[in-house]
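Data block below; observations after.
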Amino acid sequence: MYNLQGVKELYDRICLKSDLDAYRQLFQLMENPLIAFIRALVGAEEVAEELYSDLFVKIWARRHALPLTAHPRNYIYTMARNLALDHLKKERHLQSIEFNEINTLLVQDQAPTPEEQVISKEMVRKIEGAINVLPARCRLIFKMVKEDGFKHKEVAALLGISVNTVEVQMSIALKKVAASVKFKTLV
């Protein structure tokens with residue numbers, strides 16, 4: 050996850066000052082999460098990387114016409130979603146959303162003991178395994194909320210679904226992950 054204030058500052062410097070350094074920084078800052086987001090929509094790493102590059106070419110080309118917004122991250126994610134959907138329409142290759150990367154979900158505040166590290170790694174492996182078997186849409190929504198820090202309303206807007214659908218999918222995901230992890234720890 051990244052600093053939202055930093056995203057806004059970089060975005061504003063690009064729009065208002067044509068700041069190439071800010072453009073490069075924003076490109077690097079958003080690269081991993083946006084490519085993962087696009088890949089989840091199109092299902093292919095190479096296509097996601099290409100669309101990500103296209104997105105930033107558009108951002109630079111349209112920098113003077115881009116809206117000054119309080120939430121540039123949401124605007125950029127919406128642009129990315131639209132590029133991905135346009136790509137799928139052009140290819141006429143609609144496919145279910147695949148999701149291949151899950152970042153570590155457990156973060157500890159203090160340095161763990163070696164035993165805690167082993168237990169923590171095992172728990173992360175179990176959680177990742179449980180998340181990987183979730184239905185594609187459920188996985189995407191779970192990742193956007195839990196890993197990328199989006200609010201339910203933001204996820205609904207980005208994916209073009211209702212907030213209720215996001216809440217239902219999150220409930221399903223949390224129940225399945227919890228049940229899977231609980232069951233596996235008892236075994």
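If you're matching positions, the sequence shown starts at 50 in this note's numbering and goes up one per residue. Where a beta carbon is used, it is the ideal one built from N, C-alpha and C, also for glycine.
- A direct Cα-to-Cα measurement between Ile221 and Glu58 gives close to 37 Å.
- In this chain, His113 is not harboured by any alpha helix (DSSP H), its DSSP state being neither H nor E.
- Taking the C-beta atoms as reference points, Leu104 is found no nearer than 8 Å to Val91.
- Note that the segment 210-227 does not touch the segment 122-142; fewer than 3 beta-carbon pairs, one per stretch, sit closer than 8 Å.
- Annotation: the continuous alpha helix (DSSP H) that includes His201 extends over His201 to Leu208.
- Where Pro121 is concerned, the enclosing alpha helix (DSSP H) starts and stops at Pro121 to Glu140.
- Under the DSSP assignment, Pro82 falls in the alpha helix (DSSP H) whose first and last residues are Leu69 to Val91.
- Distance from Leu75 to Ile87 at the Cβ level is roughly 16 Å; contact not present, criterion being Cβ atoms closer than 8 Å.
- Judged by DSSP secondary structure, Val194 falls within the alpha helix (DSSP H) whose first and last residues are Ala185 to Lys195.
- Comparing alpha-carbon positions, the option among Asp197, Ile190 and Gly55 lying closest to Ala119 turns out to be Gly55.
- The shortest CA-to-CA distance from Ile190 to any of Ala206, Lys175 and Gly178 is the one to Ala206.
- In this structure Lys224 is exposed. Its beta-carbon is surrounded by fewer than 16 other beta-carbon atoms within 10 angstroms.
- The residues Ile176, Ala179 and Ile180, in chain order, have a CB closer than 7 Å to that of Val226 in the same chain once the five nearest residues on each side in sequence are set aside.
- Around the beta carbon of Glu95, fewer than 16 other beta carbons lie within 10 angstroms, which makes this residue exposed.
- Distance between Lys202 and Met79, taken at the CA atoms: about 21 Å.
- In the structure shown, the three-state DSSP call for Val217 is helix.
- Within its own chain, the residues whose Cβ lies closer than 7 Å to the Cβ of Ser67, once the five positions on either side in sequence are excluded, are Arg112, listed in chain order.
- Nearest to Val215 by alpha-carbon distance, out of Pro82, Gln77 and Met193, is Met193.
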